[in-house]
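Data block below; observations after.
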Amino acid sequence: MKRLLSALAAAGLVVLSGAMAAPATAVPTDGGRLPVKPAPATQVWATRQLSQPGSSSPVWLRMEVEQLIPRAITAGMPNSVRVTGKITNVSTDRKITEIDLRLERGKPLTTEDEVRAALREPVPAELVQPNFTPISESLDPGQTQSFDLTVPLTGDGPTSLEITQPGIYPILANVNGKPDYGGRARLAALSTLLPVMSVPGGEGLSAPPNPANVTVLWPLVDRPRLVSTGPAGQSVLTDDDLAGSLALGGRLHSLLKAYDFAVTSGLASSVCMAVDPDLLRTVAAMSEGYQVQGVGEGKGKSEAKLWLDQIRRMTAGRCVLAVPYADADLGALARAKLVDLEALAVKGAAVVQQVLTSVQALPGVVWPEDGVLDQQTLTDLTAQGVRSVVLDQSGVANAPGTQPVRLESAGGTPVTAVRIDSMVSDALRGGSDGSGGLTGVSTPSETKPVSVQNALAALAFRAGFQGAGQNVVIAPPRRWNAPVGEMQVFLETVRTLVSGGFLAPVGLDALVSETAAPEVVGTLQYPVEAGGREVPPTVTAAVGASWATLQAMFESMVQEDTTSSKPADLVDPLRLDLLRGASSAWRGNEAAARRAIAIGEEGIAQLQGQVTVVEPNSPILLGSGDSPIPVTIKNRLDVRISVRIVVDDKPGIKANQLSQLILPARGDLLVRVPVEVLRSGRFSVNVQLTTPTGIALGDSVRLEVSSSAYGTITIVITATAAAALVLLSARRIYRRVRASRAKVEVPEDASSVTPEKSSTS
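Those letters in the sequence shown? Residues -21 to -1, 1 to 740, per mature numbering (1 follows the signal peptide of the UniProt record, and there is no 0), in order.
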């Protein structure tokens, strides 16, 4: 049930249930207190239709409360409260008659537990039930009727709320009506809290001698949209939604306008802007002209330039805090042991300085997503020079209250933890899920708003009913999406409480100052549910793999000369691309995270492709068994890079691997790779360039190699055969010579014999 009611609060919707499911079913006539449970107030009580999940109850009416005046009752206020809005018959086939409205109230909330409970879900508000005021005699399906109801705060009149003392009062807007075929019943209800600091004509609260200190963090955070930066007109964004957000009426424009209101109304010392460096860099790129992927030229150049000029003017010399770059999920990065990316994420203050020029972001201060850290993340951050963190109350244990506390990191370095007031800040989020609005939306949303009215009540309770010098650090949702009017109402209430002596403005810089080191020691506490909301390990694993590839390339690069690019000039933009893939904006949306990572992966692949083997135009002919293979390699980068040539062994050929080579910037190099041909014929040889650590560069190239030469084994065999042939031939010749000599030899005793024929002659 609590989860359901919290969802209703976050969505800014009101449950409008009917009295029957069929004409034969009667509507309960129970005095108008059933069957509808009131929904919490949101924004200016703007409500939307919603059917309860799993409920078969029909929806009859939608109530939209447009104004509640005043939002907080302080000294000098008139003795009345006014509510305006409209009622719409949203049924499909039922006429509703006798539509009435009244405001009811409950007992004042006196403890913090009671206030927190009322912020989570509506509490009974039926202690005082004035008379109903008629709104409309009848409404046909689709018809709308406006209302304007003013009720006295005090007195015993028939419509009075009968408030006699200061307090935080639950109030209920209750609409009754009679649908066709049924009886009279409550058809719509909306609950909120009304802070009363002073009863008109009666008792009022006195300012405490030691008022609470108030600090407001003003977030300017979006989701990552930047694909690449380049010369004027060449930067690329994923979409053009940011142009609408920066324009008049857009979300970021409204945040900046409300911040300007705070500055000009005297709250500048207590408000610290928390800005995403990636957002500033993106807007700066837009102001020079930009492209949109798949669309063409972006349309927000002038809006970006105007917005950037305004923020520079407003923040000059004032408190600015850099949130992690691209609002990276520090806990998820620490869990994946991506320490280098963590270090990169917390160095956004330099970007803030570069873009805003006349402001210095608070050094060594980090405000993580959700305001919680685990011990490993804190240890990593302290190693990077972080000395202060802004945490939610739920992120610190063993230290009651809201004062800054001292944390001890694993390395023994003390860290100051400024604690966000969760009661006020959670009310601004409008629900237990802490969404506070759709991620990265460009315009203020009425469908997922924040509960500013309840946050005002929580702040009034802190200031007027607790006080005692405590710290009230207020942090709206990261991507706050309330209308500018609601933001200004909240800030106006803060100013009223400050001028009345109930609050004392204190800057964040004063809370994190080394001279104000806290004496109270606390311990970190990482809620289980916070871990469940982190960017998933599948995403950080993909980021880590790409990061390893990029780092290997960076380590193999060397600057060519003082006029050439530095390796960091090529690699740093890609590092930021990977960091955007780990943004907390992607929590609960892995597909969006994958798309963001793909941008970095594509950039890394393009960088790898700049160093490659040149494919020859014709086959390579080898004239001997040990002739080297000529390979041309090309480096299109503006830096020198160390590479290795890897040649695959193939049947018939064996490559002798070379030691690493250094390629000149923007140059080619002809390398002769020694090989050993084992037989004649034609071979396909794959040649690949890698970094010294084995990261592939460019594409693998297949070389066609032809050889008519004999290999070593063949030569040995041939030589052996030739030698044997020579020996055999020599032996045969020798034998023939011997035989010939034997035949021609004449014996000595036969030399004196005269042939018979001769003597006769």
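The beta carbon of each residue, even a glycine, is placed where N, CA and C say it ideally should be. Fair warning: this is a prediction, and the values are worked out from it, not measured in the lab.
Note on the region 250 to 281: whole beta strand (DSSP E) runs with a minimum of 3 residues are 250 to 254, 269 to 271, in chain order. Bounds of the beta strand (DSSP E) holding Ser621 are 618 to 626. Judged by DSSP secondary structure, Ala301 falls within the beta strand (DSSP E) whose first and last residues are 299 to 301. With distances taken between CA atoms, Glu348 lies nearest to Ala253 out of Thr392, Asp288, Leu438, Ala253. Using a 10 angstroms sphere on the CB of Lys316, the tally of other CB atoms stays under 16, which defines it as exposed. Ile290 counts as buried, since no fewer than 16 other beta carbons sit within 10 angstroms of its beta carbon. Here the region 273 to 283 does not lie against the region 322 to 342, with fewer than 3 beta-carbon pairs under 8 Å apart. Per DSSP, reduced to three states, the secondary structure at Val652 is strand.
When Thr89, Val375, Val242 are compared, the shortest CA-CA separation from Phe440 is found for Thr89.
Relative to Leu287, the option among Leu225, Ala700, Val652 whose CA is nearest is Leu225. Ala634 and Val652 have their C-alpha atoms roughly 8 Å apart. Check the Cα spacing between Glu43 and each of Ala54, Pro57, Thr63: the tightest is with Thr63. Judged by beta-carbon spacing, Val299 lies beyond the 9 Å limit of Val262, meaning their Cβ atoms are not closer than that value. Residue environment: Asn155 is assigned as buried (16 or more neighbouring CB atoms within 10 Å of its CB, all protein chains considered). When beta bridges are read from the DSSP output, Pro158 appears opposite Ile75.
According to the DSSP assignment, Asn614 belongs to the beta strand (DSSP E) that extends over 608 to 614. With 16 or more other Cβ atoms inside 10 Å of its own Cβ, Leu151 counts as buried.
Per DSSP, Ala571 is one residue of the alpha helix (DSSP H) stretching across 569 to 587. Beta-bridge partners of Lys65 (DSSP): Glu43, Ser125.
A direct Cα-to-Cα measurement between Pro552 and Val351 gives close to 28 Å. DSSP places Leu169 within a strand segment (E or B) once states are collapsed to three. By alpha-carbon distance to Phe111, the top candidate from Arg99, Leu128, Ala96 is Leu128. Straight-line measurement puts the Cα of Gly511 at about 19 Å from the Cα of Gln372.
In the same chain as Val680, and ignoring 5 residues on each side of it, the C-beta atoms closer than 6 Å to its own belong to Val592, Glu594, Val666, in chain order. With respect to Thr395, Val491 sits close: the two C-beta atoms are nearer than 9 Å. A direct Cα-Cα distance of roughly 15 Å separates Pro158 from Pro113. Its Cα nearest to that of Leu80, the residue Phe126 stands out among Trp39, Phe126, Asn58, Asn433.
Beta-bridge annotation (DSSP): Gly136 is not paired with any residue.
In terms of Cα proximity to Thr502, the closest of Ser401, Arg566, Pro379, Val622 is Pro379. At the C-beta level, Gly677 and Gln589 come within 9 Å of one another. In the DSSP assignment, Gly646 is bridged to Asn614. Secondary structure of Ser59 (DSSP, three-state): strand. Counting C-beta atoms within 10 angstroms of its own C-beta, Ser663 has fewer than 16 neighbours from the protein chains shown and is therefore classed as exposed. The shortest C-alpha to C-alpha distance from Asp353 to any of Gly310, Ile632, Leu199 is the one to Gly310.
Assignment of Ala439 by DSSP, reduced to helix, strand and coil, places it in the helix class.
Of the residues Lys629, Gly161, Ser337, Pro190, the one whose Cα lies closest to the Cα of Val684 is Lys629.
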